[in-house]
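Working notes, structure below.
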Amino acid sequence: MTRNKFTWLLVSLILFGFIITSFVSYHVAHKALEEQIKRDSLPLTSDNIYSEIQQDLIRPIFISSLMAQDTFVRDWTLSGEREPEKIFQYLEEIKRQYGTVTSFFVSDRTNRYYHYSGVLKNISEDDPRDGWYYRVKAQNPGKDYEVNIDHDKANPDQVVVFVNYRVYDFEHRFLGVIGVGLSSNAVAGVIEKYKKRYEREVYFINELGEVTLQGAQRLDFHAIQEKEGLKELATQILTSPSMSGSYTADGEEFYVSSRWVEEFQWYLIVQQKDKFNSKIFVETLFNDFSISILVAVIVIFIAQFSFRGYQARLERMATTDKLTGTYNRQAFDDIVNKCFKDTAQSGAPCSIALLDVDHFKSVNDSYGHQIGDHVLQRVAHECQRRLTDSGFVCRWGGEEFIILLPRYDAKQAEKVLEELRQSIEQQHMKPKVSVSIGVAERIANENIDTLIHRADTAMYQAKEHGRNQVRVAWLSEEQSSPLI
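Following UniProt numbering, the numbering of the sequence shown begins with 1 at its first residue and continues without gaps.
Printed below as a string of structure tokens:
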């Protein structure tokens, strides 16, 4: 696999990993949040709202209960309802002291509707507007009051939340209904306060699922059976003291919690829209993707740097002789081919030399192979130092080195190699060694094997003539064949 392919594969895996991780994290977090909302958050909010209701809305029930138990009301009714001014004054004082919008008493004996401002009317079963009274009167024993929303009898334009409480005499005989009323706007303000404080939708429904109390911003349904998605939960809500669930409406998910409020005989409903929506997910995914790109860039940089270093080490291992640090034979083949191609195009000369360390076997036998290795390293180092700018040095095998000298003819090569021979001979380190060198200039279109053979022949000529010298395979002026 090439370096670029490896890098792009690595980047693709990183980006793919980040995207998959983002999707998985989103769904896991969404599921955890959903469970946390349904199991903890909404029920806790419902409990908190219920506690506040006891302070804000149940107070009128408590007031009505005190009025129904008041001995004055019962004594005044049992005495024949004489001096109605007394009941007017009593109702006026209740209204003033507790800050209600109205207070009333309806006598079952006379059917009179007593108001703090006077007798408003006589109720009748034939009047549909008086149906609330007969409904409260007919309630089962133990259910002594109801909370309902109706128009104020004294001010028909005003909608009031009434608390209607049954009144009994001392022998528990029914005497009538007494109670107070709160402005529906005030109640809506209380509901709105809950909504803003807890950032959730809050409303009440009766046992039939009809919305009885809600905030200033009206709901788009009058009963939960009318709301898309919520209607599937209606039976569960209306048959359970409390429940938590979720539903989908208009493409959005909502979490809902219900609780039966005994004092109102209503259900408190708290619901919350799923805030973990696709917009947040897209933003999160974009942020994660941006981070992944940054990480990928860093990884590319590190990978390229590491790959380049690793590849350089591999190339050095593949092309360099481990002992001497010079090129090996595999690398030399590539260098020669390139040199021959370049010189053929330019017409420049090219020479090759073979260098052999004299009496190297004796060095190994006398000093050991470790010292012999040091000798080869010294010779290689001197060759590289002298020929760095002019040629290439390769270990050919054993104690032999081959030297390529591009753009050098035989005479120029002989001069450079003679200087190299002298510098090796003059080294002060022991054991002292010398070298024999044979050099040949390439004839046009001569192949590498023939050229090396001529250089090798010249080197053996140097050894036969006393070693420690440079011999050139000269060419005759008339012939293209080499002469030694």
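Positions of the beta carbon are idealized from the N, C-alpha and C atoms, including for glycine.
Annotation: the continuous alpha helix (DSSP H) that includes phenylalanine 62 extends over 58-69. At the C-beta level, arginine 467 and serine 423 stay beyond 7 Å of one another. With respect to the 7 Å criterion, leucine 175 and valine 187 are not classified as neighbours on the basis of their beta carbons.
About 7 Å separates the beta carbons of phenylalanine 204 and tyrosine 267, which is inside the 8 Å limit, making them a contact pair. Proline 60 sits buried, since 16 or more C-beta atoms from the chains shown fall within 10 Å of its C-beta. Per DSSP, glutamine 272 lies in no alpha helix (DSSP H); the unbroken beta strand (DSSP E) holding it starts and ends at 266-273. For glycine 131, the uninterrupted alpha helix (DSSP H) segment begins and ends at 131-137.
Around the C-beta of glycine 372, 16 or more other C-beta atoms lie within 10 Å, and the residue is accordingly described as buried. Taking C-alpha positions only, aspartate 169 is separated from glycine 131 by approximately 23 Å. Between threonine 45 and valine 295, the C-beta spacing is not below 7 Å.
The beta carbon of phenylalanine 254 lies closer than 8 Å to those of Gly229, Leu230, Ser246, Tyr247, Thr248, Gln271, Gln272, Lys273 and Asp274 in the same chain, with the five residues before and after it left out. In this structure, valine 163 sits near valine 147, with a CB-CB distance shorter than 7 Å. In this structure, the alpha-carbon of tyrosine 114 lies about 21 Å from that of glutamine 139. Boundaries cannot be given for lysine 231, as no alpha helix (DSSP H) includes it and DSSP labels it neither H nor E. Rounded to the nearest angstrom, the Cβ distance from serine 390 to valine 416 is 6 Å, consistent with a contact under 8 Å. DSSP lists Leu354 and Arg471 as the bridge partner or partners of glycine 438. In the three-state DSSP reduction, lysine 121 falls in the strand class (E or B). Check the Cα spacing between alanine 154 and each of Tyr194, Pro128, Ser184 and Val119: the tightest is with Val119. According to the DSSP assignment, threonine 457 belongs to the alpha helix (DSSP H) that extends over 448-464. For glycine 99, there is no enclosing beta strand (DSSP E), since its DSSP letter is neither H nor E. Approximately 19 Å separates the beta-carbon atoms of arginine 395 and alanine 413; this is outside 8 Å, ruling out the contact. Only residues of its own chain outside the window of five on either side were considered, and among them Ile63 have a CB closer than 6 Å to the CB of tyrosine 98, listed in chain order.
Put simply, of Lys411, Val180, Ile49 and Lys463 the residue whose alpha carbon is nearest the alpha carbon of tyrosine 145 is Val180. Per DSSP, the continuous alpha helix (DSSP H) segment holding valine 187 begins and ends at 184-198.
About 6 Å separates the beta carbons of proline 349 and glutamate 441, which is inside the 8 Å limit, making them a contact pair. For alanine 249, the uninterrupted beta strand (DSSP E) run begins and ends at 242-249, by DSSP. Where tyrosine 367 is concerned, the enclosing alpha helix (DSSP H) starts and stops at 360-367. In its chain, beyond the 5 residues on either side, no residue has a beta carbon closer than 7 Å to the beta carbon of glutamine 89.
With the rule of 3 Cβ pairs closer than 8 Å, the segment 336-348 counts as touching the segment 404-413.
Residue pairing for histidine 381: DSSP places it in no beta bridge. Distance from the Cα of serine 257 is smallest, within the candidate group Gly251, Ser242, Glu263 and Gln265, for Ser242.
Secondary structure at glycine 179: strand, using DSSP grouped into helix, strand and coil. In this structure, alanine 68 lies near tyrosine 165, with their beta-carbon atoms less than 7 Å apart. By a beta-carbon distance limit of 8 Å, serine 240 does not contact leucine 42. Their separation comes to about 14 Å. Per the DSSP secondary-structure output, phenylalanine 162 pairs in a beta bridge with Asn148 and Gly181. The C-alpha of isoleucine 352 is placed about 9 Å away from the C-alpha of alanine 410.
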